[in-house]
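Visitor: Let me give you the structure first, and then I'll get to my questions.
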Amino acid sequence: MLFFTRWKAAAILLTALAVCLCALPNFFSDNVVRHWPSWAQRHIVLGLDLQGGSHLLLEVDSAAVRKEQLQAINDDVLRVLRQARIPFTGRAIRGNSVEVHITRDADIDSALSKLRELSQPLSGFAGSTGQRTINVTDSGSTITLGPTEPAVTERVRQAVDQSIQIVERRVNELGLVEPTIQREGTDRILVQVPGLQDPSRLKEILGKTAKLDFRMVDVSMTAEQAEQAHPADSEILAGETPGQKYLIEKRVLVSGGDLVDAQPGFDQRTNEPIVNFRFNSAGARKFAEVTQANVGKPFAIVLDNKVISAPVIREPILGGSGQISGNFTVQSANDLAILLRAGALPAPLTIIEERTVGPGLGQDSINAGEHAAYAGAALVIIFMFVTYGLFGLFANVAVAVNVAMIFGVLSLLSATLTLPGIAGIVLTVGIAVDSNVLIYERIREEVRAGRTAINAIDAGFSRALATILDSNITTFIAAAVLFYIGTGPVRGFAVTLGIGIITTLFTAFTLTRLIVAYWVRMWRPRVVPI
Amino acid sequence: MRLLRIVPDDTKFDFMRFRRISFPVSAMLSIAAIALYFFHGLNFGIDFIGGTLMEVQTKAGPADLAKMRSTIGSLQLGEFQLQQFGAPDDVLIRISQQPGGDEAQQAAVQKVRNALGDEVNYRRVEVVGPSVSTELLAYGTIGLVLAIVAILIYLWFRFEWQFALGAMIANVHDLVLTVGFMSLTGIDFDLTSIAALLTILGYSLNDTVVIYDRIREMLRRYKRMSMPELLNASVNATLSRSIVTHVTVAMSLLALLLFGGQAIHSFTATMMFGVVLVGTYTSVFIASPILIYLGVGRGRIGGAEELGPPPAPATASVSSAPLSPPQRARVRR
Numbered sequence: 142m143l144f145f146t147r148w149k150a151a152a153i154l155l156t157a158l159a160v161c162l163c164a165l166p167n168f169f170s171d172n173v174v175r176h177w178p179s180w181a182q183r184h185i186v187l188g189l190d191l192q193g194g195s196h197l198l199l200e201v202d203s204a205a206v207r208k209e210q211l212q213a214i215n216d217d218v219l220r221v222l223r224q225a226r227i228p229f230t231g232r233a234i235r236g237n238s239v240e241v242h243i244t245r246d247a248d249i250d251s252a253l254s255k256l257r258e259l260s261q262p263l264s265g266f267a268g269s270t271g272q273r274t275i276n277v278t279d280s281g282s283t284i285t286l287g288p289t290e291p292a293v294t295e296r297v298r299q300a301v302d303q304s305i306q307i308v309e310r311r312v313n314e315l316g317l318v319e320p321t322i323q324r325e326g327t328d329r330i331l332v333q334v335p336g337l338q339d340p341s342r343l344k345e346i347l348g349k350t351a352k353l354d355f356r357m358v359d360v361s362m363t364a365e366q367a368e369q370a371h372p373a374d375s376e377i378l379a380g381e382t383p384g385q386k387y388l389i390e391k392r393v394l395v396s397g398g399d400l401v402d403a404q405p406g407f408d409q410r411t412n413e414p415i416v417n418f419r420f421n422s423a424g425a426r427k428f429a430e431v432t433q434a435n436v437g438k439p440f441a442i443v444l445d446n447k448v449i450s451a452p453v454i455r456e457p458i459l460g461g462s463g464q465i466s467g468n469f470t471v472q473s474a475n476d477l478a479i480l481l482r483a484g485a486l487p488a489p490l491t492i493i494e495e496r497t498v499g500p501g502l503g504q505d506s507i508n509a510g511e512h513a514a515y516a517g518a519a520l521v522i523i524f525m526f527v528t529y530g531l532f533g534l535f536a537n538v539a540v541a542v543n544v545a546m547i548f549g550v551l552s553l554l555s556a557t558l559t560l561p562g563i564a565g566i567v568l569t570v571g572i573a574v575d576s577n578v579l580i581y582e583r584i585r586e587e588v589r590a591g592r593t594a595i596n597a598i599d600a601g602f603s604r605a606l607a608t609i610l611d612s613n614i615t616t617f618i619a620a621a622v623l624f625y626i627g628t629g630p631v632r633g634f635a636v637t638l639g640i641g642i643i644t645t646l647f648t649a650f651t652l653t654r655l656i657v658a659y660w661v662r663m664w665r666p667r668v669v670p671i
Numbered sequence: 007m008r009l010l011r012i013v014p015d016d017t018k019f020d021f022m023r024f025r026r027i028s029f030p031v032s033a034m035l036s037i038a039a040i041a042l043y044f045f046h047g048l049n050f051g052i053d054f055i056g057g058t059l060m061e062v063q064t065k066a067g068p069a070d071l072a073k074m075r076s077t078i079g080s081l082q083l084g085e086f087q088l089q090q091f092g093a094p095d096d097v098l099i100r101i102s103q104q105p106g107g108d109e110a111q112q113a114a115v116q117k118v119r120n121a122l123g124d125e126v127n128y129r130r131v132e133v134v135g136p137s138v139s140t141e142l143l144a145y146g147t148i149g150l151v152l153a154i155v156a157i158l159i160y161l162w163f164r165f166e167w168q169f170a171l172g173a174m175i176a177n178v179h180d181l182v183l184t185v186g187f188m189s190l191t192g193i194d195f196d197l198t199s200i201a202a203l204l205t206i207l208g209y210s211l212n213d214t215v216v217i218y219d220r221i222r223e224m225l226r227r228y229k230r231m232s233m234p235e236l237l238n239a240s241v242n243a244t245l246s247r248s249i250v251t252h253v254t255v256a257m258s259l260l261a262l263l264l265f266g267g268q269a270i271h272s273f274t275a276t277m278m279f280g281v282v283l284v285g286t287y288t289s290v291f292i293a294s295p296i297l298i299y300l301g302v303g304r305g306r307i308g309g310a311e312e313l314g315p316p317p318a319p320a321t322a323s324v325s326s327a328p329l330s331p332p333q334r335a336r337v338r339r
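See the structure below:
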């Protein structure tokens, strides 16, 4: 147990040193580290609870995605059957599927085959999965079309992917520093912005779908008359001021997807804040056609099912650019421009969790943690020295190296250190001290059993290490389980604990042993001084 | 230099005798803890029941709680609590979950922010919606349970099933008592508490495995020693280590308790109770004696006559290893 070849000893020391050195970038300011080679720049990221900032967890409204998917099928059914000139009745969305009744029995077969064409093969990661997007079934003259479960999942996944991109764009447009945006689970997006103290504006920007449509105002009746009954192709939408209502055609003339740019500005006559926009060529052409055909009629700019403004078309707009005026403030005009530039979300986002920590509290936590760490370390170091003398000092060195190695590995992984993570390190320090205690107590026992010094040390190590291995593997299993199923804070705890166990095993099996072996070789002790 | 020996060498305490006291006491305490959980309940933080938590710091002098209370009360946000948090200008505001889903929580925060205006700094704002809080509680619980089960399986492979069961009983005992403690003291039960429980589980397990390892070693070495004697010898042999380890843990926890600040105060207090107080007791008085009842090593020992009240005849399953002369004396090496 106490013999090390020169190579082995060198390998152990070099490993320990290298891992410890990985922690180095944490002790220098960013300005210094910036000049280092990129592989040496990895450092621990402080969690938002320590450095302050905002953490927002957003959920993509997957119900809305499903609804939209059904609506699309519904529209497709209408299109296909009309094209094929098959008469039908009772087309409607029922539950999770679309039902349509074919009027003439003779048409059923052709309707079925036409509708089946709507169902596309669903491609997975490795080409075709053999699954299709829509289930088409018939019972007599009624045909039912429902999206298959994989198709729904795929659609939600796409919606989340798209949402992440748009959230990214919106956050970047706001000019926030070093935001991280990542997917959480199947339908969630985590947005973390370090240093952000008041996330009100961010929340407002993220909470908007920003679906912009240009549609015609239905002038066949007033909105009040429409309360009782209105054409099926129109709907009543609210305006900006409370109580204001408009009757708007459902048909979308040009959508926000055709926008290429939007900038805040001021109206030259009234000096009110406005948003200037520009269409791409397709959008410009459509907009030109529509405005040419409808001069003198009012059209509506609809944002998230709310009418921002409903101006009358005074002349055809051919250049593909225009302006939106509403009751804007400078800020809201700016926000709308950001939203339009970043694009619309495929489905609404809801903020389901928010954690904001001010910079003061974070710094206080770090300070408190540091003080406690120093005080705790001092107590433990003195106690170990008083209890085990020279060997206690060895233990202190080993534990110090252990902690440095934990920070080294955390830096290598660019891991995030949070308060629960610090708890994990505290637990590891306890376990690391314990591993030394186990070894020394075992040596004491072996000495009492009458062994010679070197024999006792050797036996003490070999017996204690078996125990240390057992207890650490058990704790590691716990850490692994927690890592796989845990969320946020629990996961941070599991990471530091897991790393800590590995470094503890490393130091106990190599470093402590090496130090003691070296000491034995130098001094050839007859009595073990513990 | 004379080194400190907290525990004298070669102790021969008869720990196993205390099982007639420690088991009923532990059983009663566990039942009390469970009863506390069900009837007194835990002071669930917003992580698990949803709602809003704000820590604010007044800019001008100590906080006027009464004024703040009436300001927030006028917003009609349902149940809320104000609490001094550490310094006199530091106030913790807790607002219960608003009816109306995730958006309503956000609206409530905005209202409070508007009402308190510029008089305060916001040190911390946490809003947890209903869907997340349910999940966090479920994941936290599943995490604890799965971790225990995974460990159980490992110990079962590594030791015998009795050891695995014994370790599980000891660990669950620690966790149950700690939950009872949290209920009694009304400590906020949030995600940090789950981390505390996990840490306690980690230490508890570590302790149990260390003692079990020793017991297994003794079982292999002293085939004829009676179980209580063997357990006593094992516990005594590891006693010094148990005490030293727990003293060092207590020291680091003490440092955290004194200097660690408000944010981890409840975490440390819980750990102090779970690891130092209960953990030490459990590893000596519960984890080892329970093996007697679980029937560890009955097959290995030549005569099991000392284990049960009716003297059992020597079992036939004695291993083929040659038996050393009856070793009724104490452990001597």
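Chains Z and S, in that order, give the protein sequences. Just so you know, the first sequence maps onto residues 142 to 671 in the numbering used here. Just so you know, the second sequence maps onto residues 7 to 339 in the numbering used here. Glycine included, C-beta positions come from ideal geometry on N, C-alpha and C.
Per DSSP, which one or two residues make a beta bridge with residue 386 (chain Z)?
Guide: Here the question's residue 386 (chain Z) lines up with position 245 in the first sequence. According to DSSP, residue 386 (chain Z) bridges with Z:379.
Visitor: Residue 267 (chain S) touches chain Z at which residues, Cβ-Cβ below 9 Å?
Guide: Position 261 of the second sequence holds residue 267 (chain S). Chain Z residues near residue 267 (chain S): 505, 506, 508, 509, 510, 512 and 513.
Visitor: Could you tell me which of S:100, S:234 and S:256 sits nearest to residue 298 (chain S), measuring between CA atoms?
Guide: Walking along the second sequence from the start, residue 298 (chain S) turns up at place 292. Cα-wise, what sits closest to residue 298 (chain S) is S:234.
Visitor: What runs of the alpha helix (DSSP H), each 4 residues or longer, lie entirely inside the stretch 94-145 of chain S?
Guide: 107-122
Visitor: Within 10 Å of its beta-carbon, does residue 546 (chain Z) have 16 or more other beta-carbons around it, so buried, or fewer, so exposed?
Guide: The residue given as residue 546 (chain Z) occupies position 405 in the first sequence. Answer is buried; the Cβ neighbour count reaches 16.
Visitor: Are there three or more Cβ pairs, one per stretch, closer than 8 Å when the stretch 319-336 of chain Z is compared with the stretch 200-219 of chain Z?
Guide: Counting C-beta pairs closer than 8 Å gives three or more between the stretch 319-336 of chain Z and the stretch 200-219 of chain Z, which meets the contact rule.
Visitor: Buried or exposed: residue 176 (chain Z), going by 16 or more other Cβ atoms within 10 Å of its Cβ?
Guide: By 1-based counting over the first sequence, the position of residue 176 (chain Z) is 35. By the neighbour-count rule (16 or more Cβ atoms within 10 Å), residue 176 (chain Z) is not buried but exposed.
Visitor: For residue 469 (chain Z), which residues of its own chain have a beta-carbon under 6 Å away from its beta-carbon, when the five flanking residues on both sides are left out?
Guide: The residue given as residue 469 (chain Z) occupies position 328 in the first sequence. Hits under 6 Å: 414.
Visitor: Quick one: is residue 310 (chain S) near chain Z, going by C-beta distance under 8 Å?
Guide: What you label residue 310 (chain S) is simply residue 304 of the second sequence in a count that begins at 1. Note that residue 310 (chain S) scores 41 on pLDDT, short of 50, meaning its location in the model is unreliable; the coordinates nonetheless yield the value given after this. No, residue 310 (chain S) lies away from the interface with chain Z (no Cβ there is under 8 Å from its Cβ).
Visitor: Measuring straight from C-alpha to C-alpha, what distance separates residue 452 (chain Z) and residue 394 (chain Z)?
Guide: Position 311 of the first sequence holds residue 452 (chain Z). Position 253 of the first sequence holds residue 394 (chain Z). Roughly 15 Å between the two C-alpha positions.
Visitor: Going by DSSP, what residue range makes up the beta strand (DSSP E) through residue 242 (chain Z)?
Guide: One-based indexing of the first sequence puts residue 242 (chain Z) at position 101. Note, residue 242 (chain Z): beta strand (DSSP E), 238-243.
Visitor: Taking buried to mean at least 16 other C-beta atoms within 10 Å of its own C-beta, is residue 461 (chain Z) buried or exposed?
Guide: In the first sequence, the residue the question calls residue 461 (chain Z) occupies position 320. Label assigned to residue 461 (chain Z): buried.
Visitor: If the cut-off is 7 Å on Cβ atoms, which residues from the stretch 232-247 of chain S count as contacting chain Z, listed in chain order?
Guide: 243, 246 and 247
Visitor: Leaving out five residues on either side along the sequence, give the residues of the same chain with a beta carbon under 8 Å from the beta carbon of residue 222 (chain S).
Guide: Counting from 1 along the second sequence, the entry for residue 222 (chain S) is found at position 216. Within the same chain, Cβ atoms closer than 8 Å to the Cβ of residue 222 (chain S) are found at 165 and 169, the five residues on either side in sequence being excluded.
Visitor: Just verifying my parser: in three-state terms, what is the DSSP assignment at residue 201 (chain S)?
Guide: One-based indexing of the second sequence puts residue 201 (chain S) at position 195. It is helical.
Visitor: List, in order along the chain, the chain S residues whose C-beta lies closer than 9 Å to that of residue 560 (chain Z)?
Guide: Here residue 560 (chain Z) refers to the residue found at position 419 of the first sequence. Neighbours of residue 560 (chain Z) on chain S, chain order: 198, 201, 269, 270 and 273.
Visitor: Run down chain S in chain order and give the residues with a C-beta less than 7 Å from the C-beta of residue 473 (chain Z).
Guide: Taking the first sequence and counting its residues from 1, the one referred to as residue 473 (chain Z) is at position 332. The CB of residue 473 (chain Z) never comes closer than 7 Å to any CB in chain S; the least such distance is about 16 Å.
Visitor: With a cut-off of 8 Å, does the C-beta of residue 626 (chain Z) fall near any C-beta of chain S?
Guide: As a first step, residue 626 (chain Z) is located in the first sequence; it is residue number 485 there, counting from the start. Output row for residue 626 (chain Z): interface = yes.
Visitor: Quick one: what's got a C-beta closer than 7 Å to residue 266 (chain S)'s C-beta in the same chain, skipping five residues either side?
Guide: As a first step, residue 266 (chain S) is located in the second sequence; it is residue number 260 there, counting from the start. Excluding residues within five positions, the ones whose Cβ falls inside 7 Å are 274.
Visitor: Between which two residues does the beta strand (DSSP E) harbouring residue 46 (chain S) extend?
Guide: Position 40 of the second sequence, counting from 1, holds the residue named residue 46 (chain S). Unbroken run through residue 46 (chain S): none, as it is neither H nor E.
Visitor: Quick one: what's got a C-beta closer than 8 Å to residue 118 (chain S)'s C-beta in the same chain, skipping five residues either side?
Guide: Position 112 of the second sequence, counted from the first residue, corresponds to residue 118 (chain S). The answer, listed in chain order, is 58, 60, 78, 81, 83, 99 and 101.
Visitor: For a minimum of 3 consecutive residues, which ranges assigned as the beta strand (DSSP E) are wholly contained in the stretch 262-309 of chain Z?
Guide: If we require 3 residues or more, the beta strand (DSSP E) runs fully inside the stretch 262-309 of chain Z come out as 262-265, 268-273, 275-280 and 283-288.
Visitor: Mind checking residue 483 (chain Z): buried by the 16 CB within 10 Å criterion, or exposed?
Guide: If you number the first sequence from 1, residue 483 (chain Z) lands on position 342. That one is buried.
Visitor: Just to make sure I have the definition right: I need the residues of chain S whose C-beta is within less than 8 Å of the C-beta of residue 338 (chain Z). Which are they?
Guide: The sequence position of residue 338 (chain Z) within the first sequence is 197, counting from 1. Under the 8 Å cutoff, chain S gives 128.
Visitor: So, does the CB of residue 325 (chain Z) fall closer than 8 Å to a CB anywhere in chain S?
Guide: Here residue 325 (chain Z) refers to the residue found at position 184 of the first sequence. No, residue 325 (chain Z) lies away from the interface with chain S (no Cβ there is under 8 Å from its Cβ).
Visitor: Could you work out which residues of chain S lie near residue 447 (chain Z), taking near to mean beta carbons separated by less than 8 Å?
Guide: Within the first sequence, numbered from 1, the residue matching residue 447 (chain Z) stands at position 306. Correct list: empty, because the minimum Cβ distance to chain S is about 16 Å.
Visitor: Using 8 Å as the threshold, is the C-beta distance between residue 495 (chain Z) and residue 335 (chain Z) below it?
Guide: By 1-based counting over the first sequence, the position of residue 495 (chain Z) is 354. By 1-based counting over the first sequence, the position of residue 335 (chain Z) is 194. No, the pair does not count as a contact, with Cβ atoms beyond the cut-off.
Visitor: Please confirm if residue 110 (chain Z) has its CB atom under 8 Å from at least one CB of chain S.
Guide: Chain Z is shown from 142 up to 671; residue 110 (chain Z) falls before or after that span and cannot be answered.
Visitor: Starting from the C-beta of residue 289 (chain Z), find all residues in its chain whose C-beta is less than 7 Å away, skip the five residues before and the five after it, and write them out in chain order.
Guide: For the purposes of this step, residue 289 (chain Z) is identified with residue 148 of the first sequence, where counting begins at 1. Closer than 7 Å at Cβ, skipping near neighbours: 272, 273, 274, 275 and 276.
Visitor: Looking at chain Z, which residues of the stretch 172-198 of chain S have a Cβ within less than 7 Å of any of its Cβ atoms?
Guide: 197 and 198
Visitor: Span of the beta strand (DSSP E) holding residue 325 (chain Z)?
Guide: One-based indexing of the first sequence puts residue 325 (chain Z) at position 184. It spans 321-325 - the beta strand (DSSP E) in which residue 325 (chain Z) sits, taken as one unbroken run.
Visitor: According to DSSP, is residue 447 (chain Z) helix, strand or coil?
Guide: To locate residue 447 (chain Z), count along the first sequence from 1; it is residue 306. In this structure, residue 447 (chain Z) counts as strand in the three-state DSSP scheme.
Visitor: Among S:244, S:158, S:171 and S:55, which has the Cα closest to the Cα of residue 18 (chain S)?
Guide: Locating residue 18 (chain S) in the second sequence gives position 12, counting from the first residue. The residue with the shortest Cα to Cα distance from residue 18 (chain S) is S:244.
Visitor: Buried or exposed: where does residue 504 (chain Z) fall if 16 or more other Cβ atoms within 10 Å of its Cβ makes it buried?
Guide: Position 363 of the first sequence, counting from 1, holds the residue named residue 504 (chain Z). Residue 504 (chain Z) is exposed by the Cβ-count criterion.
Visitor: State yes or no: is the beta carbon of residue 146 (chain S) nearer than 8 Å to at least one beta carbon in chain C?
Guide: In the structure shown, chain C does not exist; the protein chains are Z and S.
Visitor: Do residue 671 (chain Z) and residue 585 (chain Z) count as a contact pair if the criterion is CB distance below 8 Å?
Guide: Indexing the first sequence from 1 puts residue 585 (chain Z) at position 444. Indexing the first sequence from 1 puts residue 671 (chain Z) at position 530. Yes, they are a contact pair.
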